[in-house]
């Protein structure tokens, strides 16, 4: 058994689970805090900003100090933040707790994804499987939070995964030895790639990261509320309440796992640019259908959105691994997630404002469709690979 790989993958699941407890839990929190959905969802902005801003120092510390040590900080810090949030009594305490959760969760992507090639190689299927673990964390957040909130209250929905995170940290400390640092090289550029191609690739990556970050955050945060408002009969069939809403959201979130496995498989067989374009083309019509859909048609449309946004995450992670040297991956992943989750902080006030002052979520998803168009243009401009796999030459001049 590859112990480091297990903990890296499990950490990905825990990371996304922790960041998506609040959107489902708040459906059962409004009465206790004496406010409505729009006011409560706005409290997530601190955590969203911290999720992006914290990635840069986390990546730097992972590269310069210890990625193993940063994973320990991740497990223990995340557990402590989740448990502390469960004791919140006021809006400000809740906002501070969610910000602490976001700051601890920010460690995973620049550190865990930089460790992944060291313990399992750079094949697309490795990224795909790791992505599935993250996606299952997203799905588990909706399902477990819905159940725990309905049966025991929202506070339990925070401290249970907090305890799990601390136990994972203890197991990681006892069972996994620190990995040797990647050997230092003269340049952060893989062989066979010219500087112009790398600069172009990262310019495109940053553009699609910013646009895609807003789409990802808005779509995943609004899903439980979207389900509760538009799919009433189906919720009743599953028993109703927060658990029924969480169950439907979990099934929809889990659909992204299929996309990540498929994209991981495709990246080992086809050019990255072609896989990226196919995923991006699927995103815009799906977002438009969510803006207009109701009932069971809405479920199909949201499944399409989840397939597109989670598939894009795998493609973007592959771009970082393909265009950077191992010694720089932590920092490059950190920069990417800084831009992604920093820009996605815009999604939180946009959700709150659109739900309260516009027509629910219809206008929001029309805006997201425009951003999806930006991602599609970026995919079309992506340099074309001559072959799949890391280190494969890229046709910078012909693209």
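Residue numbers (my numbering): 558 to 956.
Just so it is clear, CB atoms sit at the ideal spot from N, CA and C, and this is done for glycine as well.
Since the model is a prediction, treat every value here as computed from it, not as a measurement.
Can you have a look at residue i and say buried or exposed, based on whether 16 or more other CB atoms are within 10 angstroms of its CB?
{"i": "residue 593", "result": "exposed"}
{"i": "residue 695", "result": "buried"}
{"i": "residue 874", "result": "buried"}
{"i": "residue 941", "result": "exposed"}
{"i": "residue 688", "result": "buried"}
{"i": "residue 734", "result": "exposed"}
{"i": "residue 934", "result": "exposed"}
{"i": "residue 826", "result": "exposed"}
{"i": "residue 891", "result": "buried"}
{"i": "residue 618", "result": "buried"}
{"i": "residue 647", "result": "exposed"}
{"i": "residue 914", "result": "exposed"}
{"i": "residue 762", "result": "buried"}
{"i": "residue 848", "result": "buried"}
{"i": "residue 801", "result": "buried"}
{"i": "residue 954", "result": "At residue 954, the pLDDT of 31 sits below 50, so the modelled position is not reliable; the number obtained from the coordinates is stated separately. With fewer than 16 Cβ atoms within 10 Å of its Cβ, residue 954 is classed as exposed."}
{"i": "residue 621", "result": "exposed"}
{"i": "residue 912", "result": "buried"}
{"i": "residue 760", "result": "exposed"}
{"i": "residue 743", "result": "Since pLDDT at residue 743 reaches only 45, below the 50 mark, its modelled position is unreliable, and no value is offered."}
So residue i and residue j are in contact, right, with Cβ under 8 Å, and what is the actual spacing, rounded?
{"i": "residue 657", "j": "residue 638", "result": "4 Å"}
{"i": "residue 677", "j": "residue 562", "result": "5 Å"}
{"i": "residue 834", "j": "residue 937", "result": "6 Å"}
{"i": "residue 612", "j": "residue 667", "result": "5 Å"}
{"i": "residue 726", "j": "residue 636", "result": "7 Å"}
{"i": "residue 662", "j": "residue 608", "result": "6 Å"}
{"i": "residue 642", "j": "residue 704", "result": "Contact doesn't hold; Cβ gap of about 18 Å is too wide."}
{"i": "residue 909", "j": "residue 599", "result": "4 Å"}
{"i": "residue 717", "j": "residue 664", "result": "Contact doesn't hold; Cβ gap of about 21 Å is too wide."}
{"i": "residue 564", "j": "residue 766", "result": "About 26 Å; that fails the 8 Å criterion."}
{"i": "residue 821", "j": "residue 721", "result": "Going by Cβ atoms, the distance from residue 821 to residue 721 rounds to 26 Å, so no, they are not a contact pair."}
{"i": "residue 781", "j": "residue 730", "result": "No, residue 781 and residue 730 are not in contact; Cβ-Cβ is about 34 Å, not under 8 Å."}
{"i": "residue 784", "j": "residue 811", "result": "Not quite, the Cβ-Cβ distance comes to about 14 Å (not below 8 Å), so this is no contact."}
{"i": "residue 855", "j": "residue 787", "result": "5 Å"}
{"i": "residue 728", "j": "residue 880", "result": "With 8 Å as the limit, residue 728 and residue 880 do not qualify as a contact, their Cβ atoms being about 34 Å apart."}
{"i": "residue 824", "j": "residue 832", "result": "6 Å"}
Thinking C-alpha only, which one of the options is nearest residue i?
{"i": "residue 868", "options": "567, 682, 707", "result": "682"}
{"i": "residue 625", "options": "560, 713, 766, 643", "result": "560"}
{"i": "residue 692", "options": "847, 572, 786", "result": "572"}
{"i": "residue 917", "options": "617, 779, 673", "result": "779"}
{"i": "residue 690", "options": "813, 619, 727", "result": "813"}
{"i": "residue 633", "options": "660, 648, 614", "result": "660"}
{"i": "residue 707", "options": "879, 582, 897", "result": "582"}
{"i": "residue 550", "options": "846, 767, 876, 777", "result": "Examination of residue 550 is not possible in this model, given that the chain is present from 558 through 956 alone."}
{"i": "residue 597", "options": "652, 826, 832, 825", "result": "652"}
{"i": "residue 889", "options": "587, 608, 588, 615", "result": "615"}
{"i": "residue 606", "options": "922, 919, 894", "result": "894"}
{"i": "residue 712", "options": "920, 846, 585, 851", "result": "585"}
{"i": "residue 737", "options": "672, 587, 730, 848", "result": "672"}
{"i": "residue 604", "options": "587, 650, 565", "result": "650"}
{"i": "residue 923", "options": "906, 631, 846", "result": "846"}
{"i": "residue 588", "options": "654, 602, 710, 630", "result": "710"}
{"i": "residue 907", "options": "595, 804, 567, 655", "result": "595"}
{"i": "residue 719", "options": "920, 701, 758", "result": "701"}
{"i": "residue 669", "options": "853, 856, 850, 878", "result": "878"}
{"i": "residue 858", "options": "809, 610, 802", "result": "809"}
{"i": "residue 569", "options": "824, 602, 832, 628", "result": "628"}
{"i": "residue 724", "options": "759, 640, 777", "result": "640"}
{"i": "residue 818", "options": "844, 872, 760", "result": "872"}
{"i": "residue 815", "options": "601, 759, 860", "result": "860"}
{"i": "residue 870", "options": "853, 803, 768", "result": "768"}
{"i": "residue 851", "options": "674, 675, 919, 602", "result": "919"}
{"i": "residue 655", "options": "752, 602, 853", "result": "602"}
{"i": "residue 754", "options": "939, 844, 823", "result": "939"}
{"i": "residue 674", "options": "752, 566, 764, 610", "result": "566"}
Output yes if chain D places a C-beta closer than 8 Å to the C-beta of residue i; else output no.
{"i": "residue 709", "result": "This model lacks chain D altogether, as it is built from one protein chain only."}
Under 7 Å: does the beta carbon of residue i sit that close to some heavy atom of the ligand NAD?
{"i": "residue 657", "result": "Of the ligands one can find in the structure shown there are none, so the ligand NAD has no counterpart to examine."}
(message) Three Cβ pairs or more, each shorter than 8 Å: is that satisfied between the stretch 896 to 904 and the stretch 769 to 779?
(response) Segments in contact, yes.
(request) Could you say if the stretch 838 to 846 and the stretch 923 to 940 meet the contact criterion of at least three C-beta pairs nearer than 8 Å? (result) Touching, per the Cβ criterion.
(message) Count Cβ pairs between the stretch 574 to 594 and the stretch 854 to 874 that sit closer than 8 Å; are there 3 or more?
(response) No, because fewer than three Cβ pairs between the stretch 574 to 594 and the stretch 854 to 874 fall closer than 8 Å, the two stretches do not touch.
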